[in-house]
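Chemist: Residue numbers (mature numbering (1 follows the signal peptide of the UniProt record, and there is no 0)): -37 to -1, 1 to 493.
#1: Might you give, ordered along the chain, the residues of its own chain that have their beta carbon closer than 6 Å to the beta carbon of residue 71, omitting 5 neighbours on each side?
#2: I'd like the ranges of any beta strand (DSSP E) spanning at least 3 consecutive residues and lying wholly in the region 204 to 231.
#3: Using the rule of at least 16 other Cβ atoms within 10 Å of the residue's Cβ for burial, across every protein chain shown, is residue 138 buried or exposed?
#4: For residue 184, I'd like the list of residues in its chain whose CB is within less than 7 Å of its CB, leaving aside the five on either flank, ordered along the chain.
#5: Using a Cβ distance threshold of 8 Å, determine whether the region 157 to 172 contacts the region 181 to 199, with at least three qualifying pairs required.
#6: Given a threshold of 16 other Cβ atoms within 10 Å of its Cβ, counted over all protein chains shown, does residue 136 qualify as buried or as exposed?
#7: Is there contact here, the region 417 to 427 with the region 13 to 32, by at least three beta-carbon pairs under 8 Å?
#8: Near residue 259, which residues of its chain fall below 7 Å by C-beta distance, leaving aside the five closest residues on each side in sequence?
#9: Residue 353 bridges to which residues according to DSSP?
#10: DSSP state of residue 332, grouped into three classes?
#11: Helix or strand or just coil, what does DSSP make of residue 198?
#12: Start and end of the beta strand (DSSP E) containing residue 409?
#13: Between the beta-carbon of residue 278 and the beta-carbon of residue 367, is there less than 7 Å?
#14: What three-state label does DSSP hand residue 36 in the structure shown?
#15: Could you please give the first and the last residue of the uninterrupted beta strand (DSSP E) stretch that includes residue 159?
#16: Do residue 234 and residue 203 have their CB atoms nearer than 7 Å?
#17: Does DSSP classify residue 239 as helix, strand or coil?
#18: Decide yes or no for the touch test of the region 251 to 258 against the region 319 to 328: beta carbon pairs closer than 8 Å, at least 3 of them.
#19: Could you check how far apart the C-beta atoms of residue 148 and residue 105 are, in whole angstroms? I think they sit under 8 Å.
#20: Does the Cβ-Cβ distance between residue 432 and residue 450 come in under 7 Å?
#21: Please report the distance separating the alpha-carbon of residue 49 from that of residue 410.
#22: Can you tell me whether residue 308 is buried or exposed, with buried defined as 16 or more other CB within 10 angstroms of its CB?
#23: What did DSSP end up calling residue 478 once you bin it into helix, strand or coil?
#24: In chain order, which continuous runs of the beta strand (DSSP E) of length 3 or greater are located wholly inside the region 120 to 175?
#25: Below 8 Å on the Cβ atoms is my guess for residue 228 versus residue 205; work out the distance and round it to an integer in Å.
#26: Among the residues of its own chain, which have a CB less than 8 Å from the CB of residue 87, if the five just before and after it don't count?
#27: Taking the beta strand (DSSP E) that residue 88 belongs to, which residues open and close that run?
#28: Which residue wins for smallest C-alpha separation from residue 322, given the options 377, 371 and 310?
#29: Please state whether DSSP places residue 108 in a helix, a strand or coil.
#30: By the DSSP assignment, the beta strand (DSSP E) with residue 267 in it spans what residues?
#31: Taking residue 181 as part of the beta strand (DSSP E), name the residues at either end of that continuous run.
#32: In this structure, does DSSP put residue -26 in helix, strand or coil?
#33: Is the separation between the beta-carbon of residue 434 and that of residue 448 shorter than 7 Å?
#34: Between which two residues does the beta strand (DSSP E) holding residue 494 run?
#35: Rounded to a whole number of angstroms, what is the C-alpha to C-alpha distance between residue 472 and residue 376?
#36: Would residue 54 and residue 76 be called neighbours here (beta carbons separated by less than 7 Å)?
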């Protein structure tokens, strides 16, 4: 059993993970090394009118406008469902993408790389492009210029948005130890997609390098590449791997690109090379927010939150390009359980705030990097946040506040291999609201199950989903729950809002009788819209 956005290779309740996620974030030592700091680009749009990007808009705010608000959200009614055809015999579930909408058509992708085009008003399936190429997720598609862009386990493709006809496909992995499991970014005619160090059924086997590819949206031709980790993998490619992206890059008004790079491996290490000794040093650019020139792919700045990560604490969530007060900033977050604010022009850390449960191991990565092994914990040891803890899925922001769905789940490390996790149904969480300017916590709302469904905002309502398959709507002002609904299956998929329609996916069957299903809710025609 496992959670799709986490790249777990075999999760079994109360048993060791047989291969875990791709990334990490141990937020104790901040390294800001500008390459050529330029003017800030600020966010691309104020408030999107519909959900046209994987994270709502190109700035990854996961915020839209529309008629749904705290006064009428309780009137939402289910209006249609649509089945998913992907493989259901999977520890990562069938679906964990955020759907996107263009021209009244909703597009999404399951973990078998299959793409769906569905009429948002009626739920009628317009076309399906079947790839049956297995991935750990979160997957997803981007839409632009009449095309749908996505990935299979090893390739990037473009489809005709009207018919689903494949227009081009390009393989970008180097070997069988590399894969693709993200939704791409698309901006100014360029598709951005990253490889990761693993495939469905096996991560971190060695010689897996995360590389971000910029491809021409018309032809698939390569424009530039950015290596998130070096090709020699710190001198031991047969043992080491790392980097790449889980979630789409973000874009500012200048067209510059912001990446959230994932973790190095192995972690904590191996019996021959404990505590990451096979990969000495900080392991750049893992666990970093990275800003690139969107036209050339050249490095502008990076800020590494967790040098030499040893606990799989990813800084994986799409950076949010926004303003705090009047200052252009970038918000970073991940599984280490910290939210960061960075100056958009320079990458300087402005503040960081811990959310969720922590038990004092934030400095262990630096001890390991500096060879102070006698000061590291004796195994076995339980660590909070665990490899599925912290913030496993993207955050959302409005004008004043950041909303983080936090998973309070630990992990027990018994060897230099991989950890044991508690039963998933015992996981709990909390929705946390933070001030954008100061990072101070405004309110917290406890959740009875793990929130793997990110945060999504419309007006004064923030949505998330939890493991058991429940959709939650909370007041952005107080955190009070104002509406909820039970999906047909468990869920680790984010909520999408477009106009008067809210879409959630029960894509994680927890019992044999549960079927992966897309569900649309809508305000009744006679419901007040203000």
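Note that CB positions come from ideal geometry on N, CA and C, so glycine has one too.
Modeler: Looking at the atomic coordinates:
#1: Counted from its first residue, the chain shown places residue 71 at position 108. Cβ neighbours of residue 71 beyond the five flanking positions: 60, 62 and 79.
#2: Within the region 204 to 231, the runs of beta strand (DSSP E) that reach at least 3 residues and sit entirely inside it are, in chain order, 220 to 223.
#3: Position 175 of the chain shown, counting from 1, holds the residue named residue 138. By the neighbour-count criterion, in which a residue is buried when 16 or more other Cβ atoms sit within 10 angstroms of its Cβ, residue 138 is exposed.
#4: By one-based count along the chain shown, residue 184 stands at place 221. Excluding residues within five positions, the ones whose Cβ falls inside 7 Å are 178.
#5: Taking a cut-off of 8 Å on C-beta distances, the region 157 to 172 touches the region 181 to 199, as three or more cross pairs fall below it.
#6: As a first step, residue 136 is located in the chain shown; it is residue number 173 there, counting from the start. So residue 136 counts as buried.
#7: With a cut-off of 8 Å, the region 13 to 32 and the region 417 to 427 count as touching, because enough Cβ pairs lie within range.
#8: Position 296 of the chain shown, counting from 1, holds the residue named residue 259. Answer for residue 259: 187, listed in chain order.
#9: Indexing the chain shown from 1 puts residue 353 at position 390. Paired residues: 370.
#10: As a working note, residue 332 is residue 369 in the chain shown. If DSSP states are grouped into helix, strand and coil, residue 332 belongs with the helices.
#11: Translated into the one-based positions of the chain shown, residue 198 becomes position 235. Of the three classes helix, strand and coil, the one that applies to residue 198 here is helix, per DSSP.
#12: In the chain shown, counting from the first residue as 1, residue 409 sits at position 446. Under the DSSP assignment, residue 409 falls in the beta strand (DSSP E) whose first and last residues are 404 to 410.
#13: For the purposes of this step, residue 278 is identified with residue 315 of the chain shown, where counting begins at 1. For the purposes of this step, residue 367 is identified with residue 404 of the chain shown, where counting begins at 1. For residue 278 and residue 367, no; Cβs fall outside 7 Å.
#14: Along the chain shown, one-based indexing puts residue 36 at 73. Taken through DSSP and simplified to helix, strand or coil, residue 36 comes out as helix.
#15: The count along the chain shown starts at 1 and reaches residue 159 at position 196. Segment: none, residue 159 is in no beta strand (DSSP E) and carries neither H nor E.
#16: For the purposes of this step, residue 234 is identified with residue 271 of the chain shown, where counting begins at 1. For the purposes of this step, residue 203 is identified with residue 240 of the chain shown, where counting begins at 1. Judged by their CB atoms, residue 234 and residue 203 are not nearer to each other than the 7 Å cut-off.
#17: For this step, residue 239 is matched to residue 276 along the chain shown. In the displayed model, residue 239 falls within a helix according to three-state DSSP.
#18: Output reads no: the region 319 to 328 does not touch the region 251 to 258.
#19: Taking the chain shown and counting its residues from 1, the one referred to as residue 148 is at position 185. Taking the chain shown and counting its residues from 1, the one referred to as residue 105 is at position 142. Confirmed, Cβ separation roughly 6 Å.
#20: Start at 1 with the first residue of the chain shown, and residue 432 comes out as number 469. Start at 1 with the first residue of the chain shown, and residue 450 comes out as number 487. Going by C-beta atoms, residue 432 is nearer than 7 Å to residue 450.
#21: In the chain shown, the residue the question calls residue 49 occupies position 86. In the chain shown, the residue the question calls residue 410 occupies position 447. Roughly 29 Å separates the two Cα atoms.
#22: As a position in the chain shown, residue 308 is number 345, starting the count at 1. A residue is called buried when at least 16 other Cβ atoms come within 10 angstroms of its Cβ; residue 308 meets this threshold and is buried.
#23: The count along the chain shown starts at 1 and reaches residue 478 at position 515. Here residue 478 sits in coil by DSSP.
#24: Look at the region 120 to 175 and you find these whole runs of beta strand (DSSP E), each 3 residues long or longer: 129 to 134, 148 to 150 and 153 to 157.
#25: In the chain shown, counting from the first residue as 1, residue 228 sits at position 265. In the chain shown, counting from the first residue as 1, residue 205 sits at position 242. Between the beta-carbon of residue 228 and that of residue 205 there is about 5 Å, and that keeps the pair under the 8 Å contact cut.
#26: Along the chain shown, read from residue 1 onward, the residue named residue 87 stands at position 124. The residues are 81.
#27: As a working note, residue 88 is residue 125 in the chain shown. From DSSP, the beta strand (DSSP E) with residue 88 extends over 88 to 92.
#28: In the chain shown, the residue the question calls residue 322 occupies position 359. For the residues 377, 371 and 310, the minimum Cα distance to residue 322 belongs to 371.
#29: Looking up residue 108 in the chain shown gives position 145. Reduced to three states, the DSSP call for residue 108 is coil.
#30: Sequence index remark: in the chain shown, residue 267 carries index 304 (1-based). For residue 267, the uninterrupted beta strand (DSSP E) segment begins and ends at 262 to 267.
#31: Stepping through the chain shown from its first residue, residue 181 is reached at position 218. Here residue 181 belongs to no beta strand (DSSP E), and DSSP marks it neither H nor E.
#32: For the purposes of this step, residue -26 is identified with residue 12 of the chain shown, where counting begins at 1. Residue confidence is low: residue -26 scores 30 on pLDDT, short of 50, so the model does not pin down where it sits. No coordinate-derived value is stated.
#33: Indexing the chain shown from 1 puts residue 434 at position 471. Indexing the chain shown from 1 puts residue 448 at position 485. If you check the CB distance, residue 434 and residue 448 come in under 7 Å.
#34: Residue 494 lies beyond the stretch modelled for the chain, which goes from -37 to 493, so this question has no answer here.
#35: One-based indexing of the chain shown puts residue 472 at position 509. One-based indexing of the chain shown puts residue 376 at position 413. Answer to the nearest angstrom: the Cα atoms are 28 Å apart.
#36: Indexing the chain shown from 1 puts residue 54 at position 91. Indexing the chain shown from 1 puts residue 76 at position 113. Contact: no.
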